[in-house]
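Undergrad: Numbers 49 to 289, taken from the numbering used here, label the letters of the sequence shown in order.
Heads up, the beta-carbon is just placed ideally off N, CA and C, and yes, glycines get one too.
Here it is, the structure, as structure tokens.
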Amino acid sequence: MGSYFSVQYMLASLPTLASYLPVTVFITLISGVLGIFLGMLLAVVRVRKIPVLNLLTRIFISFIRSTPFLVQLFVVYFGVPELLQKLGVDVDALPPMLFILVIFVLHVGAYGAEILRASIQSVAPGEKEAAASLGMTTCQIYRRVILPQAFVLSIPPLLNEIISTLKSTALIFNVGIVDMMRQADLMGGNSQRYLELYVDAAILYGVLIFALTVAGHFTEKHFNVEERARKIQIRSVAVNE
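Here it is as structure tokens:
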């Protein structure tokens, strides 16, 4: 390691590491969108208590929430290809990034399911009854009435989950995917200036998280999340009384 901290080297290395931002952003966006969609489906299964599926969903969520993410990453990245190979699938034709996305989507889906389940249950029963009185089917009630409200209420905790996912992308260098952290490690091995490179990575992650936080703040204001939550709480209290 270098004998002193070099600001010049840190600034010179920043653009190189920044060029790997698309990998981090790609994984975060894809896993965020698909994971929230998966979480919404799982949440409906949990709320509706669909036989068999509800039990499988509870086991899946429990496994994801009770095991370290790095362990899940290793199991999917190394274990799933081996299983597919035994089933006769040509694993070499599949891009490694596919397995990375799978575990991230599953991870976001499991946590998103619990977030959305709580939001669905917070919607006043009167909303469902009113929609049913208009002749809507159960599917239409969830699609047009319950899920839109639940999603809006879930924006703050879902944003936190997306931010957590963004930070978790720093672990993918453990399986050889070249992202910011992997590139920082490779450059550090050549220059022995790990500290400057890790500071660069911290800055870049900080910028991304700040951008997500600002975007989430404007999204909350656009949908009036706090006001909607307050109104739903008032309606729920009125129904309970």
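According to DSSP, is S79 helix, strand or coil?
TA: Within the sequence shown, the letter at position 31 stands for residue 79. S79 falls in the helix class under three-state DSSP.
Undergrad: If I follow the unbroken alpha helix (DSSP H) through V123, where does it start and stop?
TA: Numbered from its first residue, the sequence shown carries residue 123 at position 75. Run containing V123: none; DSSP gives neither H nor E here.
Undergrad: Is G240 helix, strand or coil when you go by DSSP?
TA: Here residue 240 corresponds to residue number 192 of the sequence shown, with the count starting at 1. The question names Gly, but residue 240 in the sequence shown is Gln. In the structure shown, Q240 sits in coil (DSSP, three-state: anything other than H, G, I, E or B).
Undergrad: Would you tell me roughly how many angstroms separate the C-alpha atoms of E209 and V193, rounded to the nearest one?
TA: Counting from 1 along the sequence shown, the entry for residue 209 is found at position 161. Counting from 1 along the sequence shown, the entry for residue 193 is found at position 145. Their backbone Cα atoms lie some 24 angstroms apart in a straight line.
Undergrad: Which residues in the same chain have their Cβ closer than 7 angstroms to the Cβ of F117, if we skip the five residues on either side of it in sequence?
TA: Translated into the one-based positions of the sequence shown, residue 117 becomes position 69. Within the same chain, F117 has close Cβ partners H155, S216 and L219.
Undergrad: Are the Cβ atoms of A232 and L214 separated by less than 8 angstroms?
TA: Translated into positions along the sequence shown, residue 232 becomes position 184. Translated into positions along the sequence shown, residue 214 becomes position 166. No. Outside cutoff.
Undergrad: Is the CB-CB distance between G157 and G254 below 8 angstroms?
TA: Walking along the sequence shown from the start, residue 157 turns up at place 109. Walking along the sequence shown from the start, residue 254 turns up at place 206. Contact: no.
Undergrad: Of the choices T72, S181 and D248, whose alpha-carbon is the least far from that of V55?
TA: Taking the first residue of the sequence shown as 1, we reach residue 55 at position 7. For the residues T72, S181 and D248, the minimum Cα distance to V55 belongs to D248.
Undergrad: Buried or exposed, going by whether 16 or more other CB atoms sit within 10 Å of the CB of Y52?
TA: To locate residue 52, count along the sequence shown from 1; it is residue 4. Exposed, since its Cβ has fewer than 16 Cβ neighbours within 10 Å.
Undergrad: Here's the rule: buried if 16 or more other CB atoms are within 10 angstroms of the residue's CB, otherwise exposed. What is I98?
TA: On the sequence shown, position 50 is the one that residue 98 refers to. By the neighbour-count rule (16 or more Cβ atoms within 10 Å), I98 is not buried but exposed.
Undergrad: With a threshold of 7 angstroms, establish whether the CB of R165 neighbours any heavy atom of the ligand SAM.
TA: Within the structure as shown, the ligand SAM is missing, as the structure has no ligands at all.
Undergrad: Kindly list the residues whose CB is nearer than 7 angstroms to the CB of V139, restricted to its own chain and excluding five residues on each side of it in sequence; keep chain order.
TA: As a working mapping, residue 139 is identified with position 91 in the sequence shown. Within the same chain, V139 has close Cβ partners P129, L132 and Q133.
Undergrad: Given a cut-off of 8 angstroms, decide if L121 and M223 are closer than it, judged by their beta-carbon atoms.
TA: Indexing the sequence shown from 1 puts residue 223 at position 175. Indexing the sequence shown from 1 puts residue 121 at position 73. Before going further, note that residue 223 is Val rather than Met in the sequence given. Contact: yes.
Undergrad: Kindly provide the ranges of any alpha helix (DSSP H) runs that are 4 or more residues long and lie completely inside the region 210-256, ordered along the chain.
TA: Here the runs fully enclosed are 228-239.
Undergrad: Rounded to the nearest angstrom, what separates K269 and L252 at their Cα positions?
TA: Numbered from its first residue, the sequence shown carries residue 269 at position 221. Numbered from its first residue, the sequence shown carries residue 252 at position 204. C-alpha separation (whole angstroms): 26 angstroms.
Undergrad: According to DSSP, is D134 helix, strand or coil?
TA: Start at 1 with the first residue of the sequence shown, and residue 134 comes out as number 86. The question names Asp, but residue 134 is Lys in the sequence shown. Here K134 sits in helix by DSSP.
Undergrad: Taking 7 angstroms as the limit between beta carbons, can you name the residues of its chain near I75, skipping five residues before and five after?
TA: Along the sequence shown, one-based indexing puts residue 75 at 27. Here the set comprises I148, L149, F152 and T217.
Undergrad: On a Cα-Cα basis, can you pick out the residue from I112, F111 and A91 that is closest to N102?
TA: By 1-based counting over the sequence shown, the position of residue 102 is 54. Taking only the C-alpha atoms, the option nearest N102 is A91.
Undergrad: For the alpha helix (DSSP H) that R106 lies in, which residues bound it at each end?
TA: As a working mapping, residue 106 is identified with position 58 in the sequence shown. Start and end: L101 to S114.
Undergrad: Entirely within the region 157-191 and at least 4 residues each: give me those alpha helix (DSSP H) ranges in chain order.
TA: Counting only runs of 4 or more, we get 173-181 and 186-189.
Undergrad: Just to confirm before moving on: does the CB-CB distance between L164 and S202 stay below 8 angstroms?
TA: Start at 1 with the first residue of the sequence shown, and residue 164 comes out as number 116. Start at 1 with the first residue of the sequence shown, and residue 202 comes out as number 154. Yes, they are a contact pair.
Undergrad: Answer yes or no: do M228 and T72 have a C-beta to C-beta separation smaller than 8 angstroms?
TA: Sequence index remark: in the sequence shown, residue 228 carries index 180 (1-based). Sequence index remark: in the sequence shown, residue 72 carries index 24 (1-based). Yes, the pair counts as a contact, with Cβ atoms nearer than the cut-off.
Undergrad: Applying the 10 Å Cβ sphere with the 16-neighbour rule, what's the burial state of T105?
TA: Position 57 of the sequence shown holds residue 105. Per the 10 Å Cβ criterion, buried.
Undergrad: Check for me: the alpha helix (DSSP H) holding A141 runs from which residue to which?
TA: Position 93 of the sequence shown, counted from the start, is the residue given in the question as residue 141. A141 -> no alpha helix (DSSP H), and no H or E assigned at all.
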